[in-house]
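Q:
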Amino acid sequence: MKRFSEKYVITKDMEWEELGGGVSRKFLGYDNQIMMVSVKFEKGALGAPHQHFHTQATYVVSGKFEFEIDGVKQIVEAGDGVYIEPNLLHSAVCLEEGQLIDTFSPVREDFLTGEGPSYFGDKD
3 MKRFSEKYVI TKDMEWEELG GGVSRKFLGY DNQIMMVSVK FEKGALGAPH
53 QHFHTQATYV VSGKFEFEID GVKQIVEAGD GVYIEPNLLH SAVCLEEGQL
103 IDTFSPVRED FLTGEGPSYF GDKD
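First residue of the sequence shown? That's 3 in our numbering, and the numbers climb one at a time after it.
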């Protein structure tokens with residue numbers, strides 16, 4: 003059977019990273035132009051208000067969330083998608099335990115280096 007080279011990683015083999023505040027994430031794939039990340043939230047977990055120069059598109063896999071983008075609040079749930087323009091202040095509160103798929107362009111270098119601010123509180 004032909005196997006992928008070391009360069010390619012299968013998502014099921016990746017580890018979840020605990021971010022604190024009831025949030026964990028796993029990288030699904032990235033290069034220098036795009037990044038896809040799965041993010042799990044416990045009920046009540048908060049993605050604190052923040053902004054970044056990246057374009058972001060989010061798909062709600064499960065659960066229910068209240069997103070606030072540029073001062074406008076909206077409830078989203080499984081099957082919904084959210085688009086966030088670069089540099090807009092945004093946040094999310096998890097109303098029912100759930101999972102998001104976040105896609106960023108370009109890649110979130112701060113996620114890879116761990117040097118960026120935490121939007122989720124202190125790691126446990």
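Heads up, the beta-carbon is just placed ideally off N, CA and C, and yes, glycines get one too. Predicted, not measured: the structure shown is a model, and the values here were computed from it.
Between proline 88 and phenylalanine 69, what straight-line distance do the alpha-carbon atoms span, to the nearest angstrom?
A: Translated into positions along the sequence shown, residue 88 becomes position 86. Translated into positions along the sequence shown, residue 69 becomes position 67. Each residue's Cα considered, the two are about 16 Å apart.
Q: Would you say glutamine 58 and isoleucine 86 are within 8 Å of each other, going by their C-beta atoms?
A: The residue you call residue 58 lines up with position 56 of the sequence shown. The residue you call residue 86 lines up with position 84 of the sequence shown. Yes, the pair counts as a contact, with Cβ atoms nearer than the cut-off.
Q: Quick check: proline 51 and serine 93, are their CB atoms within less than 8 Å of each other?
A: Taking the first residue of the sequence shown as 1, we reach residue 51 at position 49. Taking the first residue of the sequence shown as 1, we reach residue 93 at position 91. A distance below 8 Å separates the beta carbons of proline 51 and serine 93.
Q: Kindly provide the ranges of any beta strand (DSSP E) runs that are 3 or more residues long and lie completely inside the region 21-100, ordered along the chain.
A: Counting whole runs of 3 or more residues, the region 21-100 contains the beta strand (DSSP E) stretches 25-32, 37-43, 48-52, 57-71, 74-79, 83-86.
Q: To which residues of the same chain is isoleucine 36 closer than 8 Å at the C-beta, ignoring the five residues directly before and after it?
A: For this step, residue 36 is matched to residue 34 along the sequence shown. Only Thr105, Phe106, Ser107, Pro108, Val109 meet the Cβ criterion.
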